[in-house]
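*Asks:*
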Amino acid sequence: MTHFAMVYRVAGLALAAALVPVLAQAAPIKVYSPEVEQGELEVEYQGYRTFDGDSTKDNEQGHKVGLGYGLTDWWAVEVYGAWKRAPGGSTDFEATEFESRFEFMEEGEDAFASLGLLVEYELADHRGVDADELKFGPLIAKEIGNTTATANIIFERQIGPNRSNGVGLTYRLQERWHFHPHFEPGIEAYGEFGPINDFNSSNSQEHMIGPVAHGKIGEFSYDIGYLFGATGATPDGTLKAVLEYEIEF
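Using this note's numbering, read the sequence shown as starting at 238 and increasing by one per residue.
(1) Mind pulling the beta strand (DSSP E) runs of 3 or more residues that sit fully within the region 324-363?
(2) Once the 5 residues before and after Phe373 are set aside, which same chain residues still bring their CB inside 8 Å of it?
(3) Since Gly474 and Thr287 should fall inside the 8 Å C-beta cutoff, what is the C-beta to C-beta distance between them, to a whole number of angstroms?
(4) How many Å lie between Gly276 and Asp291 at the Cα?
(5) With a cut-off of 8 Å, do at least 3 Cβ pairs link the region 336-355 to the region 374-390?
(6) Quick one, are the C-beta atoms of Gly284 and Ala478 less than 8 Å apart?
(7) For Arg409, which three-state DSSP category applies?
(8) Could you tell me which of Asn440, Ala361, Phe416 and Ser458 sits nearest to Lys321, measuring between CA atoms?
(9) Can you give me the C-alpha to C-alpha distance between Val449 and Gly423, rounded to a whole angstrom?
(10) With C-beta atoms as the reference, is Gly447 less than 8 Å away from Phe465?
(11) What distance in whole Å lies between the Cβ atoms of Gly303 and Val314, which are believed to be in contact at a cut-off of 8 Å?
(12) Can you name the residues that DSSP bridges to Gly469?
(13) I'd like to check one pair, Glu481 with Ser458: are the Cβ atoms closer than 8 Å?
(14) Using a Cβ-Cβ cut-off of 6 Å (strictly less than) and excluding sequence neighbours within five positions of Arg364, which residues of its own chain qualify?
(15) Given a cut-off of 8 Å on the beta-carbon distance, is the pair Gln298 and Thr333 in contact?
Okay, structure coming up:
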């Protein structure tokens, strides 16, 4: 391992250690690629923390820890444990998530873009109060010069006696520049519109956008960024981190 690779790895693990005790699950902070790697086992951490002058939106935190595996060259599965901390509250276990990701086509001569599907079922821990949730939607990626543009369009439906009515619509967007395998700068945007049959008012919707950095050193990869709120309902800032360790079988 080179000196720089060691520095990157130590820095990434240090950031993970700093975030894990205090981070939450509510906000999506990962843009999924439609690409599936057969035989790849991954251990993953996702975490975020919000910053805002309003105490009702400041210091919301959460984290997810997952274990995933590429069963075939078109199907990968992952299981997550999710914890959440509301502003001013304590960190509690929130849900167990079961995720499947399917790759339908790869960009090339016969396909304009890579296409996949994400299906996720969230099993609420406090089922007497919270509802389960089903999330599903297409994953699209397109190479544009020395960049990759990726879009996730996700539909959300709560299930159970405590469910909210309607199907929610959310998006996750990413543009990444392939500068160097250890460092790929980019920009990401996330947002939710509310129920598809009756969108929330524009200022009640949550949208955020900001710079991110990606990289991979050996089996370790990182995705770190800071997202700025674009509406009154969104926290002013959100620090996010996604860290993965991959093993090929």
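Heads up, the beta-carbon is just placed ideally off N, CA and C, and yes, glycines get one too.
Computed from a predicted model, the values in this text were never measured in an experiment.
*Replies:* For this structure:
(1) With a minimum length of 3 residues, the continuous beta strand (DSSP E) runs that stay inside the region 324-363 are 328-342 and 351-361.
(2) If we look at Phe373 and ignore the five residues flanking it on each side, its Cβ neighbours are Leu354, Leu355, Val356, Glu357, Ile391 and Phe392.
(3) Rounded, the Cβ-Cβ distance is 7 Å, consistent with contact.
(4) Whole-angstrom Cα-Cα distance: 46 Å.
(5) A contact exists between the region 336-355 and the region 374-390.
(6) Yes; because the gap between Cβ atoms is below 8 Å, this pair is in contact.
(7) Strand, per DSSP.
(8) It is Ala361.
(9) Roughly 5 Å between the two C-alpha positions.
(10) With respect to Phe465, Gly447 sits close: the two C-beta atoms are nearer than 8 Å.
(11) Incorrect: roughly 10 Å between the Cβ atoms, too far for contact.
(12) Per DSSP, none; premise fails for Gly469.
(13) For the pair Ser458 and Glu481, the CB atoms are nearer than the 8 Å cut-off.
(14) Cβ contact annotation for Arg364 (same chain, cutoff 6 Å, sequence separation greater than five): none.
(15) No, the Cβ-Cβ distance between Gln298 and Thr333 is not below 8 Å.
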